[in-house]
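Here the structure is laid out as structure tokens; the discussion comes afterwards.
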Amino acid sequence: MMGKILAQLLICFWITLPFCVTEKAKERSARQRDAEFTDKYQTCMQGVPGVQGRDGNPGINGIPGTPGIPGRDGLKGEKGECVTERFEDPWKPNFKQCAWNSLNYGIDLGKIAECTFTKLRPDSALRVMFSGSLRLKCKTACCQRWYFTFNGAECTGPLPIESIIYLDQGSPELNSTINIHRTSTVEGLCEGIQAGLVDIEIWVGTCADYPRGDASTGWNSVSRVIIEELPK
């Protein structure tokens, strides 16, 4: 009896086993299709974003790169202009005038007048001018010379500054009556004078190889000496 029951159970097991296996296979296939559908057509809403993370620690320096290829020389530029800059103090005018009313100097030899000037630069030149009435008279040929001195000496840079009046012998009767006074000038530039106080004087003297006559300076009129310092 027991063997018969066991045989029936085995028969039933063998009959139902294929159906059970088939159902499990179908179940696995359905779950796989559902998963593929969910991955492909995801319709779920996204959640709230999380808190932003902190910055990481700075990284270390990388390995230095290799040197680049040297560049080529550029085109040659145009030749520039040569400019020399000079940084000097601006030139300021420096001049002086000394004037006299009616000197009426009748001397034939000696100093007539003087004017002291302050020279500011050692490399400048002095322009001097005397303007006044001059006269010379004599019965025989004579000559007088009016000239400048600088600190007691005539100019040597380059030559003396002078003017002369010469009167020919002519007729003794005629020359004895000539007495003409004319406004004349003695003017020139003198270089090589040091800076500082300079005593500038106007003198009258004789000409070389000629006798002196009767000279007169500054008769009945204004005489003046003008001094100006000029850049070289």
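Here the sequence shown stands for residues -22 to -1, 1 to 210, where the numbers follow mature numbering (1 follows the signal peptide of the UniProt record, and there is no 0). Glycine included, C-beta positions come from ideal geometry on N, C-alpha and C.
DSSP-derived helix/strand/coil call for residue i
{"i": "residue -2", "result": "In this prediction, residue -2 has a pLDDT of 45, which is less than 50 and means its spatial position is unreliable; what the coordinates show is noted afterwards. Helix."}
{"i": "residue 217", "result": "Residue 217 lies beyond the range of the chain shown here (-22 to 210); nothing can be said about it."}
{"i": "residue 194", "result": "strand"}
{"i": "residue 113", "result": "strand"}
{"i": "residue 167", "result": "strand"}
{"i": "residue 122", "result": "strand"}
{"i": "residue 105", "result": "strand"}
{"i": "residue 43", "result": "coil"}
{"i": "residue 94", "result": "strand"}
{"i": "residue 50", "result": "coil"}
{"i": "residue 129", "result": "coil"}
{"i": "residue 75", "result": "strand"}
8 Å CB neighbourhood of residue i in its chain, flanking five on each side removed
{"i": "residue 156", "result": "115 and 145"}
{"i": "residue 94", "result": "175, 176, 177 and 178"}
{"i": "residue -4", "result": "Bear in mind that a pLDDT of 48 at residue -4, under 50, signals an unreliable position, so the number given afterwards is only what the model happens to contain. Answer for residue -4: no residue qualifies."}
Terminal residues of the beta strand (DSSP E) in which residue i lies
{"i": "residue 201", "result": "200 to 208"}
{"i": "residue 26", "result": "No beta strand (DSSP E) holds residue 26; DSSP gives it neither H nor E."}
{"i": "residue 101", "result": "No beta strand (DSSP E) holds residue 101; DSSP gives it neither H nor E."}
{"i": "residue 178", "result": "174 to 184"}
{"i": "residue 141", "result": "140 to 145"}
Buried/exposed call for residue i, threshold 16 Cβ in 10 Å
{"i": "residue 194", "result": "buried"}
{"i": "residue -2", "result": "Low per-residue confidence applies at residue -2: pLDDT is 45, beneath 50, and the placement is therefore not dependable, though the value from the model is reported in the following sentence. By the 10 Å Cβ count, residue -2 comes out exposed."}
{"i": "residue 38", "result": "exposed"}
{"i": "residue 191", "result": "buried"}
{"i": "residue 207", "result": "buried"}
{"i": "residue 201", "result": "buried"}
{"i": "residue 77", "result": "exposed"}
{"i": "residue 128", "result": "buried"}
Same chain, Cβ closer than 7 Å to residue i, five either side skipped, listed in chain order
{"i": "residue 100", "result": "172 and 173"}
{"i": "residue 138", "result": "125 and 132"}
Contacting residues, own chain, Cβ-Cβ under 6 Å from residue i (five flanking each side not counted)
{"i": "residue 165", "result": "107"}
{"i": "residue 189", "result": "120"}
{"i": "residue 169", "result": "103 and 135"}
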